[in-house]
Amino acid sequence: EQEVTEYRKSLAIRVSGFDVPRPIKTFDDCSFSPQLKNAIAKQGYEKPTSIQCQALPIVLSGMDIIGIAKTGSGKTAAFVLPMIVHIMDQPELAKEEGPIGVICAPTRELAHQIYLECKKFAKSHGIRVSAVYGGMSKLDQFKELKAGCEIVVATPGRLIDMVKMKALTMLRATYLVLDEADRMFDLGFEPQIRSIVGQIRPDRQTLLFSATMPRKVEKLAREILSDPIRVTVGEVGM
Ligand code: ADP
Ligand code: MG
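Here it is, written out as structure tokens:
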């Protein structure tokens, strides 16, 4: 355990919560499929970043997480890779339809970037990814969602619009990611986030990532997540 503490220290990782899994050292320490390992190698990701070292084993074990690390630290893969594993673990005959993984991001640019990252890892597993954000034709989005997907990457307002239009249901959703939670809060999306969370089954796994953690965001996180483990990398602002 002394070794784990030293290793965390060397990665500038601080954790709080119960039964925190030990951080990994390589991607091989994760239960990834050969296809996923190939896709990671193809991206040129040789070893996990600090946030990935600690977040991956937590998320893969099914726990909720609050992940705080600065921009550029590799938070996207920390939630996308376990999401692929989560989706592949679902029983084949899920009666419900609609996405299994739901990712909310504050802006269309960010949602698009996450969409591209998801596609890279989802492709080889036959997992379908849809992007839902403003500035795209609602009719085209409606049609795409109606065709079905396992992952949806969305800005909160447009996602709510699409659910209202019955383009998708949240019945099958069990993995929710709130990315850049601080920015979503700053942009006034708290009511939309609460609405989306309220539509997803309470036994879901919830992940919240942010570059900073102001008190109001921490409070929202504590309401929405169940017994989350909190992981911080480096020094972060409030
Ligand atoms: P954040 O969301 O924390 O701002 P991103 O997920 O956008 O960071 O990642 C920043 C950059 O680092 C991206 O270009 C991404 O492809 C790259 N990256 C992520 N994980 C790794 C890794 N393990 N090894 C090398 N590059 C990585
Ligand atoms: Mg990010």
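Using UniProt numbering, the letters of the sequence shown map in sequence onto residues 204 to 441. Glycine is no exception: its CB is placed at the ideal position from the N, C-alpha and C atoms.
- For Glu312, the CB stays at least 8 Å from every heavy atom of the ligand MG.
- Around the CB of Ser333, 16 or more other CB atoms lie within 10 Å, so the residue is classed as buried.
- Nearest neighbour of Pro251 by Cα position, chosen from Ile269, Ser276, Ala424, turns out to be Ser276.
- One Cα belongs to Gly391, the other to Ile403, and the distance between them is close to 21 Å.
- Assignment of Tyr318 by DSSP, reduced to helix, strand and coil, places it in the helix class.
- The C-beta separation of Ser327 from Gln238 comes to about 4 Å, placing the pair in contact by the 8 Å criterion.
- Taking the Cα positions, Ala376 is about 14 Å away from Ser398.
- Per the DSSP secondary-structure output, Ala424 pairs with nothing in a beta bridge.
- With a 10 Å radius around the Cβ and a threshold of 16 neighbouring Cβ atoms, Phe221 comes out exposed.
- In this structure, the straight-line span from the alpha carbon of Thr229 to that of Leu259 is close to 11 Å.
- As computed with DSSP, Cys307 is found in a beta bridge with Ala357, Leu381.
- Distances from the CB of Tyr248 to the heavy atoms of the ligand ADP include at least one below 8 Å.
- As summarised for the UniProt domain "DEAD-box RNA helicase Q" (228-256), the continuous alpha helix (DSSP H) elements at least 4 residues long and confined to that stretch are 237-245, given in chain order.
- Ser398 carries a helical assignment under DSSP once its states are collapsed to helix, strand and coil.
- Rounded to the nearest angstrom, the gap between the Cα atoms of Val356 and Glu206 is 38 Å.
- Between the ligand ADP and the CB of Ala384, the shortest heavy atom gap is not smaller than 8 Å.
- Around Arg211, the same chain offers Arg217, Val218, Pro226, Gln257 as residues with beta carbons nearer than 8 Å, after the five sequence neighbours per side are excluded.
- Cβ-Cβ distances below 7 Å link Gly351 to Glu300, Arg331 in the same chain, with the five nearest sequence neighbours on each side left out; the list follows chain order.
- In this structure, Ile254 has its beta carbon less than 8 Å from a heavy atom of the ligand ADP.
- DSSP, reduced to helix, strand and coil, places Arg407 outside both helices and strands of the structure shown, so it counts as coil.
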